[in-house]
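Right, one structure below, let's go through it.
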Amino acid sequence: MTALTTADDAVARLREVLRERLFTAGDEGYDAARLPWNLVTDQRPYAVAVPRTADEVATVVQAAAASGLRIAPQATGHGAGPLRGTDLGDTIVVSLREMRDVAVDPGARTATLQGGAVWHDVLAAATPHGLTAAHGSAGDVSVVGYALGGGVSFYGRTHGLAVNGVRRARVVVADGSIVTASADENPELFWALRGGAGAFGVVVELTIDLLPYSDVFAGLMLWDGSRAADVARAWVTWTATAPETTTTSLRIMHFPPLPELPPFVSGRSVVAIDGAVLEGDAAAAEILAPLRALEPEMDTFGRIPAAALTAVHMDPPEPSAAVSEHAMLTALDDAFVDAFVTAAFAARPMISEIRHCGGAFARPAADAGAVSALEGDYLLSALTIVPVPPAVPGGLAACGAVVDAVRPWRGPGVALTFVDLPDRDVTAGFGAGAARLAALRRERDPEGIFVAAHPVG
Ligand SMILES: Cc1cc2nc3c(=O)[nH]c(=O)nc-3n(C[C@H](O)[C@H](O)[C@H](O)COP(=O)(O)OP(=O)(O)OC[C@H]3O[C@@H](n4cnc5c(N)ncnc54)[C@H](O)[C@@H]3O)c2cc1C
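Under UniProt numbering, the sequence shown has 268 at position 268, and the numbering climbs by one with no breaks.
Okay, here's the thing in structure tokens:
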């Protein structure tokens, strides 16, 4: 890298602009500022900048470019897992957490949001207009990190990956300028961002399509873990014919006995099916009937406000330390169920999950970006909480054992938003566009300023 000024000069300049929103090691507040949502990544960047405007972001990137520092865009740190072990000693983490404004255009059915907005922010703005969005299972994940990585939602078998609903972005690129990327302006960059995300710049504003639902038929069914094999077998059979209006997930979960957990899961192994059915009540009930015939001990499926869908999956509301593995799967059968259930109980990661994909998830959009569809009918992920660093190797082994156990059913696909480990080759996640994406990255960021969770090329 060709440095025009020193890193100290850059920090001095940024302190003038950001004042108490610039943190370096030794500053009070550095430790609180540097930690991502996924606490497994104990990131120690050269500095953390917390801008409030696009111009401030541009100033940070310009200062970094001039001084040979790198930039890691981060909104919440939910996706920080792949940065575990990355030396960020020459990197400024640009934390977008104070850029969360959202404006909804109900006529166009779009939301325009700042680069750090999370799904709860979008839903709060969209709900009064009877609209919702293609959010994932957790409302505190950021729109930019999720949607530009693909975005697997409970609306997905009908509406596809969330990335296909991205209409426009404003981005601070490697030379520190702010550019617009859309189908009409900088279309190459627009193509690259949809998959390449933070490898191409810091997104300061994004416009996305909203979905026309004010309520949704959704919920969760739960059984004791002893029912795992028959419930999983029935779910696999049922998904083979479930309509594209229906997107569900099956999980086998092992919970420690903790007072902060709901009593119906604390200290238990359970199997759960949750998701959404985009149908009227009677049709939804008919679709779910084969699962209800399995007599769940808990069944919350019913019509709920669309924004409440973020609560159905019961993702942890607080930052936590976790590791996970994933794989895309193709056609499943009874032998798969035996292998999956046996591994989920033998290796015991906290969660062994299969999401039903296919449908619109598998169809690229007409105006597709680099990432537009998921190759594979199901998405397997195994996740476990690792409260202290010595728990990491065991957690990785547990997650890896579940993914390894179903090797015969694995396909070549990769769901980028589920790649949570360092040193994973994410090329397959970029599909046929991988080489073009890598070439564009080299052209637009030749110095390699941007440090993304999922590097391109
Ligand atoms: C509890 C939980 C539930 C989840 N549920 C789902 C789910 O249902 N479906 C699904 O598909 N995924 C899900 N994920 C995965 C999640 O979508 C990814 O981890 C995603 O990358 C998180 O985005 P983030 O911006 O919040 O995280 P961050 O760690 O802040 O960002 C991750 C990466 O996104 C990019 N990025 C973020 N913001 C910007 C920006 N403003 N400009 C440029 N680049 C940016 C950067 O490359 C960054 O490295 C879940 C994760 C967790 C922890």
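Think of the CB as a built atom: it goes at the ideal place given N, C-alpha and C, for glycine as much as any other residue. Model, not experiment: these values are computed from the prediction.
Straight-line spacing of the CA atoms in A432 and A438 works out to 12 Å. Between the beta-carbon of V102 and that of V204 there is about 13 Å, and that puts the pair past the 8 Å contact cut.
Counting the other Cβ atoms within 10 Å of the Cβ of P316 gives fewer than 16, which makes it exposed. Around the beta-carbon of P51, 16 or more other beta-carbon atoms lie within 10 Å, marking it buried.
With a minimum length of 3 residues, the unbroken runs of beta strand (DSSP E) contained wholly in the region 42-92 fall at 47-49 and 70-74. Around the Cβ of P45, a 10 Å sphere holds 16 or more other Cβ atoms; the residue is buried. Boundaries for D274: no alpha helix (DSSP H) harbours it, while the beta strand (DSSP E) harbouring it runs S269 to V277, taken from the DSSP string.
Taken through DSSP and simplified to helix, strand or coil, R348 comes out as coil. Per the coordinates, the alpha-carbon of T310 lies some 5 Å from the alpha-carbon of A138. Here DSSP, grouped into helix, strand and coil, assigns S226 to helix. Distance from the CA atom of A80 to the CA atom of M99, rounded to whole angstroms, is 19 Å. Counting only the Cα atoms, P212 lies some 34 Å from A72. Note that the C-beta distance between L416 and G150 is below 8 Å.
Around L189, the same chain offers A181 as residues with beta carbons nearer than 6 Å, after the five sequence neighbours per side are excluded.
In this chain, the beta strand (DSSP E) harbouring F23 covers L22 to T24. Separation of the CB atoms of A284 and R251 is rounded to 21 Å, and the pair is thereby denied contact status at 8 Å. Distances taken from the Cβ of G145 to the heavy atoms of ligand 1 include one shorter than 7 Å. Annotation for A434: T427 place their beta carbon closer than 7 Å to its own, counting only its chain and skipping 5 residues before and after. Nearest to D333 by alpha-carbon distance, out of A308, Y378 and A362, is Y378. Relative to the non-hydrogen atoms of ligand 1, the Cβ of T417 comes within a distance shorter than 7 Å of at least one. Remark: the shortest separation between the CB of T76 and any heavy atom of ligand 1 falls under 7 Å. Annotated three-state conformation of L14 is helix, per DSSP.
Collapsing the DSSP output to three states places V451 in coil.
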